[in-house]
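Residue numbers (our numbering): 13 to 606.
Ideal Cβ placement from N, Cα and C applies to all residues, glycine included.
In this text, all values refer to a predicted model and were calculated from it rather than measured experimentally.
Notes to accompany the following structure.
Shown next, in the form of structure tokens:
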């Protein structure tokens, strides 16, 4: 039997589990693993500038392509604690990433050794498993189990902590004999699906709520086929956006308190039956449950049995992988359609599209400083259906979700539940690594951008091109808007007069100088008619120089974006609504008279 260090065995397993890219920062306690990475070859490593950044790069890499598992690597102590936010973001959205940390020698783990922290205990609440490996011979099994756990059931992250002496110990291991453990996912029964379709068929105004679990299962095409067979309109969740194109005749719009369409909420409120697949009834989607559930029958299909009934009790719950369930939904629907037993939903579907053509928000503003709505309008013009958008949280994300258009799964890459500021830049780098020839466009407010802007240097060093749209109002905009409920505007104002860039006025940080100092390209826009040319130029610069290109749009200081603090029936619009086609020229459907 061949002999090698446990670290080398771990690297060989990574390759046999399909890993080709890793993101991380080396350090003393993980150096044996890095030595094995170098000696083995076959895994491309991207050096991050911050270990939290590495964890978000791994997330972006996983989210960009079916089957990907991003790997992030750090040393002992603070490297592991820095990656906790990435693990939390991953488990919240059911994203499999593998976090590998170095550790002090096993003999001194109890002696408060330098940078020795019980990272597995810290990570347990935000992972499917977190293990400090104390015996070198266990390393192959722990890695084998990690990949099995990440892919089995509800996907999620795993942390493996490797003491330095464990990494260096030689073990007997033959990579040629290694085999991944078969993945298990729960599957619905034919009887369960028949009952669900029977309930759908008995309703008058059904909708399908399509969640991120469908994308995780790589089952978007099945969802579209089922919708088209039955004629039932689809409400994508924020995590499911892109499952079917925004311009599809059965796309009824997104629902929610914040990241929603006016027509999406209106369509949902007219429904009487809801089939949710791969969704978790997130509170920003549902709002107050009495409004959301009143007068509706619910069927909930989810891969995690304990998710069913967690938020409210459905009329029927089915524990199943989304793909396994949808294969049966399609099979049953085909049979019923062939037998002429499916209801004609054309009038109901047409009514959802009528709302889509009448209930729109205004995007065309000529104001200076810029109103954010105009930025998204011009983004719709500049970036086509192949664009992968990456964003995290804030008014920029909320407004972007209300006004941008997405046409394919994995083309809206958003950490839905955790929403950590700073996520966008490293996640976009991970997405662009996974899709190096694709069009990747990130969207940030100024505060999200400033959290981890050092990671732009990673894009410059490793030649990872993408376009980053930075909407700058020098405010914590979402928190300022939330503070209206407390009648305060406190500690959210980022303005100051930059002594080195007086032309900025009170907008403070000179992002163009910072971005250029990190080896990237930047364009500042202050006029509405500059936006589209700037986006076009950014695409050319990214292609020519193979680095991130930032387009900074200087916004008006205060804008309130449409949202509700309570329920989906009472969204405060704040701004003027579209009453003429020229008010929303890039809307999915031209505005019709209401």
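Exercise. According to the neighbour-count rule (16 or more other Cβ atoms, all chains shown, within 10 Å of its Cβ), is residue 153 buried or exposed?
Worked result: exposed
Exercise. Considering only residues of the same chain and omitting the five flanking positions on each side of residue 316, which have a CB-CB separation below 7 Å?
Worked result: 165, 166
Problem set entry | Length of the line joining the Cα atoms of residue 629 and residue 515 | As shown, the chain starts at 13 and ends at 606. That puts residue 629 outside it, with no answer to give.
For this session: For residue 573, I'd like the list of residues in its chain whose CB is within less than 6 Å of its CB, leaving aside the five on either flank, ordered along the chain.
Result: 407, 410, 411
Exercise. Terminal residues of the continuous beta strand (DSSP E) containing residue 143?
Worked result: 141–144
Exercise. DSSP beta-bridge partners for residue 533?
Worked result: 561
Exercise. Is DSSP giving residue 185 helix, strand or coil here?
Worked result: coil
Exercise. What's the gap between the Cα of residue 400 and the Cα of residue 111?
Worked result: 25 Å
For this session: Measure from the alpha carbon of residue 63 to the alpha carbon of each residue in 577, 546, 439, then state which is nearest.
Result: 439
For this session: Within the same chain, show all residues whose beta-carbon is closer than 6 Å to that of residue 291, passing over the 5 residues directly before and after it, in chain order.
Result: 221, 223, 249
Exercise. When burial is assigned at 16 or more other CB atoms within 10 Å of the CB, is residue 13 buried or exposed?
Worked result: exposed
Exercise. Who are the Cβ neighbours of residue 74 in its own chain at under 7 Å, not counting the five residues just before and after it?
Worked result: 80, 81, 82, 107, 108, 109
For this session: Determine contact between the stretch 173–186 and the stretch 272–285, defined as no fewer than three beta-carbon pairs at a distance below 8 Å.
Result: no
For this session: Under 7 Å Cβ to Cβ from residue 559, same chain only, skipping five residues before and after it: list those, please.
Result: 471, 472, 475, 477, 531, 532, 533
Exercise. In angstroms, rounded to a whole number, what distance separates the CA positions of residue 200 and residue 333?
Worked result: 8 Å
Exercise. Since residue 488 is in the beta strand (DSSP E), which residue starts that stretch and which ends it?
Worked result: No beta strand (DSSP E) contains residue 488, which DSSP labels as neither H nor E.
Exercise. Taking the alpha-carbon positions, what's the residue 418 to residue 41 distance?
Worked result: 43 Å
Exercise. If you check the beta carbons only, do residue 209 and residue 245 fall under 8 Å apart?
Worked result: no
Exercise. Do residue 452 and residue 527 have their CB atoms nearer than 8 Å?
Worked result: no
For this session: Less than 8 Å between the CB atoms is what I'm expecting for residue 24 and residue 67, so what's the real figure, rounded?
Result: That pair is no contact at about 23 Å.
Exercise. Run through DSSP, which three-state label would residue 503 get?
Worked result: coil
Exercise. Per the contact definition of three or more C-beta pairs closer than 8 Å, is the stretch 182–192 in contact with the stretch 249–264?
Worked result: no
Exercise. With a cut-off of 8 Å, do at least 3 Cβ pairs link the stretch 89–103 to the stretch 422–440?
Worked result: yes
Exercise. Taking DSSP as the reference, what is the three-state secondary structure of residue 346?
Worked result: helix
Problem set entry | Contact check, residue 211 vs residue 311, beta carbons under 8 Å | yes
For this session: Provide the residue(s) that pair with residue 196 in DSSP beta bridges, ordered along the chain.
Result: None, per the DSSP bridge assignment.
For this session: Could you please give me the residues that DSSP links to residue 575 through a beta bridge?
Result: 584
Problem set entry | As assigned by DSSP and simplified to three states, the class of residue 512 | coil
Exercise. Is the number of C-beta pairs between the stretch 233–244 and the stretch 536–552 that are closer than 8 Å three or more?
Worked result: no
Exercise. Is it right to say residue 442 is buried, meaning 16 or more other beta carbons lie within 10 angstroms of its own, or is it exposed?
Worked result: buried
Exercise. So, are the CB atoms of residue 598 and residue 389 less than 8 Å apart?
Worked result: yes
Problem set entry | Short CB-CB distance (under 8 Å) between residue 62 and chain B | The structure shown contains no chain B; it is built from a single protein chain.
Problem set entry | Residue from 195, 207, 284 whose Cα sits closest to the Cα of residue 157 | 195
Exercise. Which partner residues of residue 524 appear in the DSSP bridge assignment?
Worked result: Paired residue(s): none; residue 524 is not in a bridge.
Exercise. Any idea what DSSP makes of residue 46, helix, strand or coil?
Worked result: helix
Exercise. According to the neighbour-count rule (16 or more other Cβ atoms, all chains shown, within 10 Å of its Cβ), is residue 126 buried or exposed?
Worked result: exposed
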